[in-house]
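Residue numbers (the numbering used here), protein chains in the order written: chain Y, 184 to 525; chain G, 184 to 525.
Ideal placement from N, C-alpha and C gives every residue a C-beta, glycine not left out.
Taking it in order: structure first as structure tokens, then the write-up.
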């Protein structure tokens with residue numbers, strides 16, 4: 184029921200995803216009366232979909248705490264509970280981000296070796312794409328949090344990009360070991376010392392994101408959120424300047440007709456729909472946030488991310504990576520009950 | 184002597200600036216033998232330039248501490264000392280950024296009402312330009328620092344943009360008052376409560392930078408540095424994708440010839456040379472950093488920024504704004520010896 188154009192956009196997305204992932208099955212939580220007409224549009228969609236009716240949906244402006252308290256019968260909550268119960272492998276929602284994060288965390292719980300779940304998503308780069316986390320789940324992060332983000336990001340890249348040993352960089356204001364604040368320096372040291380099954384590329388700078396220097400960019404949720412939105416704003420400014428240029432005078436307009444196919448090819452590389460599907464990582468289950476303003480093709484991408492992570496046994500792999508590498512020194516067990524970097 | 188193509192690029196920049204600012208005079212610190220041939224190229228340049236010879240120049244890879252210790256006779260140091268002595272109104276350098284910051288701070292000293300100097304520069308936006316600070320001088324910032332950055336940024340915008348009451352936004356992960364960490368929330372509260380002579384627009388998000396929502400964007404030096412470089416990287420990715428699109432096939436190539444004039448017009452809007460000249464604000468004097476890889480036109484812009492700030496009596500205006508607005512409550516004088524937000 185979430186998103187600007189739900190449930191139509193969601194069902195169009197499922198129809199696209201059904202063709203890409205023929206063995207996937209879908210449970211749709213929401214208002215049956217509103218879902219049925221759209222479902223009926225696609226002949227074979229009924230075979231892979233099951234509708235579970237509920238009248239209640241979380242509003243776009245509802246606070247996470249309200250959603251937690253009052254949304255126990257909401258479509259979002261029931262969908263997350265299906266993951267908790269094992270009926271579903273993962274949940275995908277285009278609804279209220281804060282509510283999805285709060286309810287996913289409350290129902291699915293943080294996985295044992297992780298202190299703080301984080302939000303991850305792909306960014307376009309010159310060379311393809313890179314995963315960036317945390318995109319805003321944690322405005323303040325410890326060095327331990329950053330190390331765990333690196334492990335989760337690498338597991339994500341391994342499954343989504345199919346790279347066995349992804350490269351991981353820690354976002355900083357310079358590449359030298361002494362640069363930055365205590366938190367990034369301590370995290371950098373831990374990542375240099377322990378082999379977590381990925382290539383630690385050391386500190387990277389802001390420009391490295393779009394240059395595609397690494398497969399995974401690790402940062403705190405404040406910086407990650409600001410950078411994500413800054414790049415979105417920059418990209419949209421650029422596209423609007425381009426549009427103005429193409430419309431300024433007859434020669435430009437004719438020129439545009441000739442350039443158009445190549446230009447559309449290029450826009451595909453930065454099409455937000457191709458990057459749709461931010462994942463709330465570090466939980467006992469898969470929870471994927473679709474952009475609310477996307478279309479069917481974008482929603483299908485978010486579903487694809489969830490399908491890949493369920494198939495790739497994402498949470499279990501994070502757990503295994505951390506258990507392999509983390510050593511809990513006996514004398515510090517009390518200070519850091521869950522995990523400590525040796 | 185600083186920059187990839189000095190002193191040639193610098194002298195070309197002075198020649199351009201001389202025409203734009205006919206009453207400006209220039210003192211060139213550096214190797215007379217290397218400067219003279221370039222100076223001789225421009226007939227009337229000798230009238231407004233004076234060369235002060237020194238053999239020593241700070242290397243691009245020199246650490247700030249080394250530069251401070253060993254660079255006492257360097258061209259950079261002597262240029263900054265000319266500002267301290269009042270011989271020059273401001274210094275412009277395309278050399279080592281860390282050394283320029285360290286030496287400027289050491290020689291010119293932080294101005295009385297400011298705790299931490301910061302780096303400010305303009306970014307392109309849909310509506311024109313906005314000034315962003317801190318771009319990396321302080322990786323960790325207190326709420327007081329952010330408030331002072333806002334005052335300095337507003338003074339900068341007043342002079343450079345000619346706006347009497349500029350709008351100032353505080354970069355955060357959301358616009359609601361409760362969003363973000365303690366530091367931005369406390370700074371936000373102070374900026375809402377005290378009238379510092381600008382319009383406080385409250386919290387803004389990453390996308391607001393390029394959307395041109397405000398004239399001045401305030402953030403800590405970690406976030407600011409990462410965002411600056413991320414936008415540079417994003418912009419360069421975009422331009423490279425465009426270039427690929429225009430070169431893919433005959434139709435695109437012909438189309439490009441027709442679009443070219445409009446496209447170049449558009450590229451001017453994001454031309455880094457037009458934004459050249461980052462200012463180290465909060466000192467008793469003007470210190471401007473030019474990009475090392477710029478050309479004469481870019482260097483002339485950096486000179487223009489310095490000329491404007493000297494004419495606008497930048498440091499004095501910051502001092503006046505802060506003295507007008509800051510109240511030091513007697514009981515908290517010991518905790519915060521320099522300034523406290525009432």
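With residue 295(G) as the anchor, note down where its alpha helix (DSSP H) starts and where it stops. Here residue 295(G) belongs to no alpha helix (DSSP H), and DSSP marks it neither H nor E.
Okay, do the region 274-291 of chain Y and the region 245-263 of chain Y touch, 3+ Cβ pairs below 8 Å being the bar? yes
Extract the residue ranges of the beta strand (DSSP E) inside the region 254-308 of chain Y, only unbroken runs of 3 or more that lie entirely within it. 273-276 and 301-308
Quick one, which residues of the region 406-420 of chain G are near chain Y if we go by CB-CB under 7 Å, in chain order? If the cut-off is 7 Å between Cβ atoms, the region 406-420 of chain G has 406, 408, 409, 410, 411, 412, 413, 414, 415, 416, 417, 418 and 420 near chain Y.
Is the number of C-beta pairs between the region 315-325 of chain Y and the region 394-405 of chain Y that are closer than 8 Å three or more? yes
Within 7 Å of chain G by C-beta, residues of the region 271-284 of chain Y in sequence order: none
Could you list the residues in the region 439-453 of chain G with a C-beta less than 9 Å from some C-beta on chain Y, going in chain order? 439, 440, 441, 442, 443, 444, 445, 446, 447, 448, 449, 450, 452 and 453
Quick one: residues in its chain with C-beta nearer than 7 Å to the C-beta of residue 370(G), no 5 flanking neighbours on either side, listed in chain order? 326, 329, 330 and 353
Please tell me whether residue 446(G) and residue 420(G) are closer than 9 Å, where the distance is taken between their beta carbons. no
By DSSP's criteria, residue 236(G) is part of a beta bridge. Which residues make up the other side? 213(G)
Determine the DSSP secondary structure at residue 383(Y), reduced to helix, strand or coil. strand
Compare the C-beta of residue 323(Y) against all C-beta atoms of chain G and say whether one is closer than 9 Å. yes
Straight-line Cα distance separating residue 346(Y) from residue 202(G): CA-to-CA, the gap between residue 202(G) and residue 346(Y) works out to about 57 Å.
Residues of the region 366-397 of chain G whose Cβ lies closer than 8 Å to any Cβ of chain Y, in chain order: 388, 389, 390, 391, 392, 393 and 394
Can you find at least 3 beta carbon pairs, one from the region 372-391 of chain Y and one from the region 387-402 of chain G, that sit closer than 8 Å? no
Residue 312(G): first and last residue of the uninterrupted alpha helix (DSSP H) it sits in: Premise fails: residue 312(G) lies in the beta strand (DSSP E), 311-316, not in any alpha helix (DSSP H).
Beta-carbon of residue 249(G) versus every beta-carbon of chain Y: anything under 9 Å? Output row for residue 249(G): interface = no.
Name the two residues that bound the continuous alpha helix (DSSP H) containing residue 466(G). Unbroken run through residue 466(G): none, as it is neither H nor E.
Quick one: Cα of residue 471(Y) to Cα of residue 460(Y), how far? Between residue 471(Y) and residue 460(Y), the C-alpha separation is close to 6 Å.
Can you give me the C-alpha to C-alpha distance between residue 286(G) and residue 293(G), rounded to a whole angstrom? Taking the straight line joining both Cα atoms gives about 12 Å.
Please list the residues of the region 305-336 of chain Y that have a C-beta atom closer than 8 Å to any C-beta atom in chain G, keeping them in chain order. 307, 308, 309, 319, 322 and 323
Three-way DSSP call (helix, strand, coil) for residue 495(G) in this model: coil
Using only CA atoms, which one of 359(Y), 417(Y) and 481(Y) lies nearest to residue 275(Y)? Nearest option by C-alpha distance: 481(Y).
Just to confirm my understanding: we take residue 198(Y), look at its own chain, exclude 5 residues before and 5 after, and list those with CB closer than 6 Å. What are they? 225 and 228
Contact with chain Y by residue 353(G), beta-carbon distance below 9 Å: no
Across the region 407-416 of chain Y and the region 356-369 of chain Y, are there enough close Cβ pairs to call them in contact, namely three or more that are closer than 8 Å? Output reads no: the region 356-369 of chain Y does not touch the region 407-416 of chain Y.
What's the C-alpha gap between residue 260(Y) and residue 221(Y)? 22 Å
Can you look up residue 471(Y) in the DSSP assignment and give me helix, strand or coil? Three-state result, residue 471(Y): strand.
Relative to the C-alpha of residue 265(Y), which candidate in 244(Y), 211(Y) and 301(Y) has its C-alpha closest? Taking only the C-alpha atoms, the option nearest residue 265(Y) is 211(Y).
Under a Cβ-count criterion, where at least 16 other Cβ atoms within 10 Å of its own Cβ denotes burial, should residue 216(G) be classed as buried or exposed? exposed
Beta carbon proximity, residue 350(Y) to chain G, threshold 9 Å: no
Spell out whether any CB of chain G is found under 9 Å from the CB atom of residue 363(Y). yes
With a threshold of 6 Å on Cβ separation, who are the neighbours of residue 475(G) within its own chain once the five nearest residues in sequence on each side are excluded? 186, 187 and 277
Determine whether the beta carbon atoms of residue 350(G) and residue 379(G) lie at a separation below 9 Å. Result no, Cβ atoms of residue 350(G) and residue 379(G) do not sit closer than 9 Å.
Starting from residue 401(G), follow the beta strand (DSSP E) in both directions and report where the run begins and ends. 399-401
Taking only beta-carbon atoms, is residue 473(Y) less than 9 Å away from chain G? no
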